[in-house]
Amino acid sequence: MDQSKEQRILNSVSYNAIKGDAESVLDCIDKYCSQKEWAMNVGDEKGLILDKIVKEADPTVALELGTYCGYSAVRIARLLKPSAHLFSIEFNAEFVPIAKEIIEIAGLEDKVTILEGHAQDIIPQLKTKYNVDTLDFVFLDHWKDRYAPDTILLEQYGLLRKGSILLADNIGFPGAPDFLKHVRNNEHYECTHYPSHLEYMKAPDAMEKAVYLG
Ligand SMILES: O=C(NCCCCCn1ccc2cnccc21)c1cc(-c2ccc(F)cc2)cc(O)c1O
Ligand SMILES: [Mg+2]
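Per this note's numbering, the sequence shown starts with residue -7, numbered consecutively.
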């Protein structure tokens, strides 16, 4: 059976990255995906925006919607303080073992828990099954038409508190118009727009930060 692109990315990380060195894992994926095969990691340019917002949030409990190969999970988890934890939701069963392996090569397996399924099914379980109180930081990078409804789920299940920071990828392309409609001109959110470019491409993209005001 032919290997998948994601398996080839893992092979490259496994062969080229330095075990336990998160930066080298990120550099290896960025190199592979810019030189060999494009893949939908947040990438190095938007990754710097992600870094900035994670540092600002300094989250104790973080959530990511859309693990994929684990690139942004490594990006986020490498910045977490010792007591902090990242929950990452991935629906595609094929990607879960690949992401787990890449996160382990980065030496971050103790900081990240991958939850397999749809965000809309897992969000309602975060408090009861995963002992989450509230979320300090949420990175949205899954189905673009689910950003808005899943944000509403986070609100309804009391998972956001005054100051919770949401950061959404792909606001420019593929776009998430319903999410922007929900958070902008909404008295419960303070939004900031970050123009950037699509990962590994010249095409424009953007990220949106939305701080929940309670
Ligand atoms: O589609 C994207 N991501 C989502 C992938 C599927 C997520 C499935 N999934 C995971 C967790 C989860 C939980 N609940 C429900 C569903 C869930 C994406 C696409 C592009 C892109 C594609 C083509 C192109 F020409 C240009 C750009 C770029 C990006 O950066 C992206 O992020
Ligand atoms: Mg994305």
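Each residue gets a CB set at the ideal place from its N, CA and C atoms; glycine is no exception.
For residue i, is the beta carbon positioned less than 6 Å from some heavy atom of ligand 2?
{"i": "Asn162", "result": "yes"}
{"i": "Asp36", "result": "no"}
{"i": "Asp133", "result": "yes"}
Can residue i be considered in contact with ligand 1, in the sense that its beta carbon sits closer than 6 Å to one or more heavy atoms?
{"i": "Ala111", "result": "yes"}
{"i": "Met199", "result": "no"}
{"i": "Ile81", "result": "yes"}
{"i": "Gly206", "result": "no"}
{"i": "Gly39", "result": "no"}
{"i": "Met(-7)", "result": "no"}
{"i": "Gly62", "result": "no"}
{"i": "Gly58", "result": "yes"}
Going by Cα to Cα distance, which pick from the options is closest to residue i?
{"i": "Asp125", "options": "Asp137, Leu146, Leu190, Lys136", "result": "Leu146"}
{"i": "Leu212", "options": "His189, Lys47, Glu93, Gln27", "result": "Look at the range of the chain in this structure, -7 to 206, and you will see that residue 212 is not part of it."}
{"i": "Pro187", "options": "Ala98, Ile163, Tyr7", "result": "Ile163"}
{"i": "Ile95", "options": "Ala69, Ala111, Glu82, Asp113", "result": "Ala69"}
Bridge partners of residue i, per DSSP?
{"i": "Gln104", "result": "Before going further, note that residue 104 is Val rather than Gln in the sequence given. Note: Val104 sits in a beta bridge opposite Leu78."}
{"i": "Tyr192", "result": "None; Tyr192 has no bridge partner."}
{"i": "Glu200", "result": "Ala160, His185"}
(message) In chain order, what are the residue ranges of uninterrupted beta strand (DSSP E) at least 3 long that sit wholly in the stretch 19 to 80?
(response) 53 to 57
(message) Suppose only complete runs of 3+ residues qualify. What are the beta strand (DSSP E) ranges in the stretch 114 to 146, listed by chain order?
(response) 127 to 132
(request) Just list the beta strand (DSSP E) runs in the stretch 147 to 188, keeping only unbroken ones of 3 residues or longer that don't cross its boundaries, in chain order. (result) 152 to 160
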